[in-house]
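If you're matching them up, the sequences are chains R and U in order.
The first sequence runs 3 to 172 under this note's numbering.
The second sequence runs 3 to 172 under this note's numbering.
A virtual CB, placed ideally from N, CA and C, is assigned to each residue, including glycine.
It should be emphasised that the depicted structure is a prediction, and the values quoted were computed from it without experimental measurement.
Below is one structure, written out as structure tokens; the observations come after it.
2 protein chains.
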Amino acid sequence: MPGGRSTSAHHGENLLFLTDEQLRQGIEAMFFAYRGFTADPDRILSDMAYGRAHHRAIHFINRAPGTTVNNLLNILGVTKQSLNRVLRALIEQGLVESKVGKVDKRERHLFLTDEGHKLEQTLSDAQRARMRSAFRDAGPEAVAGFRTVLEAMMDAKMQRAYTRLKETGS
Amino acid sequence: MPGGRSTSAHHGENLLFLTDEQLRQGIEAMFFAYRGFTADPDRILSDMAYGRAHHRAIHFINRAPGTTVNNLLNILGVTKQSLNRVLRALIEQGLVESKVGKVDKRERHLFLTDEGHKLEQTLSDAQRARMRSAFRDAGPEAVAGFRTVLEAMMDAKMQRAYTRLKETGS
DNA sequence: CAGCATACGTCAGTGTTGTTGACATTCCAA
DNA sequence: TTGGAATGTCAACAACACTGACGTATGCTG
Chain R
3 MPGGRSTSAH
13 HGENLLFLTD
23 EQLRQGIEAM
33 FFAYRGFTAD
43 PDRILSDMAY
53 GRAHHRAIHF
63 INRAPGTTVN
73 NLLNILGVTK
83 QSLNRVLRAL
93 IEQGLVESKV
103 GKVDKRERHL
113 FLTDEGHKLE
123 QTLSDAQRAR
133 MRSAFRDAGP
143 EAVAGFRTVL
153 EAMMDAKMQR
163 AYTRLKETGS
Chain U
3 MPGGRSTSAH
13 HGENLLFLTD
23 EQLRQGIEAM
33 FFAYRGFTAD
43 PDRILSDMAY
53 GRAHHRAIHF
63 INRAPGTTVN
73 NLLNILGVTK
83 QSLNRVLRAL
93 IEQGLVESKV
103 GKVDKRERHL
113 FLTDEGHKLE
123 QTLSDAQRAR
133 MRSAFRDAGP
143 EAVAGFRTVL
153 EAMMDAKMQR
163 AYTRLKETGS
């Protein structure tokens with residue numbers, strides 16, 4: 003195991019963790035881990051007519067009930083046409099409800115139906131189980147570092163979205 | 003569940019880092035960060051006729067020159083038909099060379115050409131730059147935690163692939 | 001040697017998810 | 001009130017994954 007505890011709060015001196023080799027390992031870890039990250043929900047969804055995009059939409063509608071299509075668009079970072087296809091399917095299947103805005107009739111506010119909540123629960127249970135196992139194995143300090151690095155890897159825009167959601171949560 | 007593995011350290015008392023809320027934040031961090039992670043290479047590739055799949059192939063051929071198609075298949079976790087499409091394009095464009103195996107003539111060993119190396123360099127420079135910036139901002143301890151959690155999030159098979167590559171590197 | 005397994009390539013078809021382009025509706029401000 | 005911006009929808013297409021079936025060359029084993 004490289005590094006260990008060099009414990010310099012100011013990481014000025016020892017920059018060995020910034021070698022190309024270390025960066026490459028970080029890149030590959032990210033690649034492999036993301037596969038694990040999505041594996042369980044993907045498996046569940048493959049039986050239904052849904053995919054990862056549906057999962058993402060359901061996740062964030064659940065997180066911010068009543069959100070508009072435009073807001074969801076910004077969070078998901080896809081085109082509105084792409085999101086629309088997914089949303090249309092979810093609405094037709096009765097997992098998501100779309101309500102015309104009261105103050106601005108151009109907007110559609112999105113909500114999960116009871117059935118939508120059920121699927122969301124199933125998916126996030128699976129995903130959380132893996133995350134919980136990883137967190138438990140790694141321990142609280144590793145988890146803190148994990149979050150710190152991930153946050154630093156986001157675009158500024160995504161950082162804002164992430165922080166906003168984080169604060170909404172508690 | 004492989005839950006019986008609580009050998010690692012006794013972070014026993016305070017389990018607040020395992021609440022659903024913390025797990026959800028981890029999930030969302032992973033989602034947003036992965037977007038940042040792929041953003042720079044994606045931007046570069048979008049100008050050419052290549053995509054993320056080509057990037058992955060190039061990356062791992064560079065990492066393990068002479069690797070066989072089958073080995074690459076296992077690492078990338080896609081079907082041979084899917085990989086073949088990508089590989090065919092890269093070979094036709096002269097970025098990758100495929101050599102018949104000497105000891106086992108059924109195998110094809112893959113190498114980057116000079117031009118292939120050039121593209122690999124461009125892509126990984128971009129990706130490393132972001133990773134370096136994130137690592138530097140977060141500091142060595144956070145980076146260690148980051149890697150620990152990611153590794154714990156992988157499937158067993160991916161963990162082996164990751165470890166093997168890691169050892170090959172140094 | 002014969003027969004089976006392995007490694008690789010390919011053709012055809014399908015599904016999900018992303019893209020651009022065109023268009024309707026609604027809001028707002030000049 | 002009218003023109004432009006914002007919001008969302010429909011249609012067509014591209015990238016990349018998947019399955020299934022098949023063909024060829026090669027290796028291994030009884």
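task = Figure out for me which residue from U/Ala-35, U/Leu-18, U/Met-50, U/Asp-22 has the closest Cα to the Cα of U/Ala-91.
result = U/Met-50
message = the ligand ATP and R/Ile-77: does the residue's C-beta get closer than 7 Å to at least one heavy atom of that ligand?
response = Among the components of this structure there are no ligands whatsoever, and the ligand ATP is therefore not found.
inquiry  = Could you compute how far the alpha carbon of U/His-111 sits from the alpha carbon of U/Lys-101?
reply    = 5 Å
query = In whole angstroms, what is the alpha-carbon distance linking R/Leu-167 and U/Leu-25?
reply = 13 Å
query = Can you tell which of U/Phe-34, U/Ser-84, U/Lys-107, U/Ala-158 has the C-alpha that lies nearest to the C-alpha of U/Arg-58?
reply = U/Ser-84
key: U/Leu-114 classed as buried or exposed, judged by whether at least 16 other C-beta atoms fall within 10 angstroms   = buried
task = Would you mind listing the beta strand (DSSP E) stretches within the region 87-170 of chain R that are 3+ residues and don't spill past its ends, in chain order?
result = 98-102, 110-114
message = Let me see if you follow: with CB-CB separation under 8 Å, is U/Lys-104 close to chain R or not?
response = no
ask   = Between R/Arg-65 and the rest of its own chain, which residues show a CB-CB distance below 8 Å, the 5 nearest in sequence each way excluded?
value = Leu-167, Thr-170, Gly-171
query = If you measure from the beta carbon of R/Asp-49 to each beta carbon in chain U, is any gap under 8 Å?
reply = no
task = Would you decide whether R/Thr-150 is buried or exposed? Buried here means 16 or more other CB atoms lie within 10 Å of its CB.
result = buried
ask   = Do the CB positions of U/Gly-53 and R/Asp-157 come within less than 8 Å of each other?
value = no
task = Might you give, ordered along the chain, the residues of its own chain that have their beta carbon closer than 6 Å to the beta carbon of R/Gly-118, omitting 5 neighbours on each side?
result = Leu-97, Val-98
query = When DSSP labels each residue in this structure, what does R/Thr-70 get in the three-state scheme?
reply = Note: R/Thr-70 maps to strand in three-state DSSP.
Where R/Ala-140 falls, given that 16 or more other Cβ within 10 Å makes a residue buried = buried
message = Tell me which residue opens and which closes the alpha helix (DSSP H) that R/Thr-40 is part of.
response = 22-49
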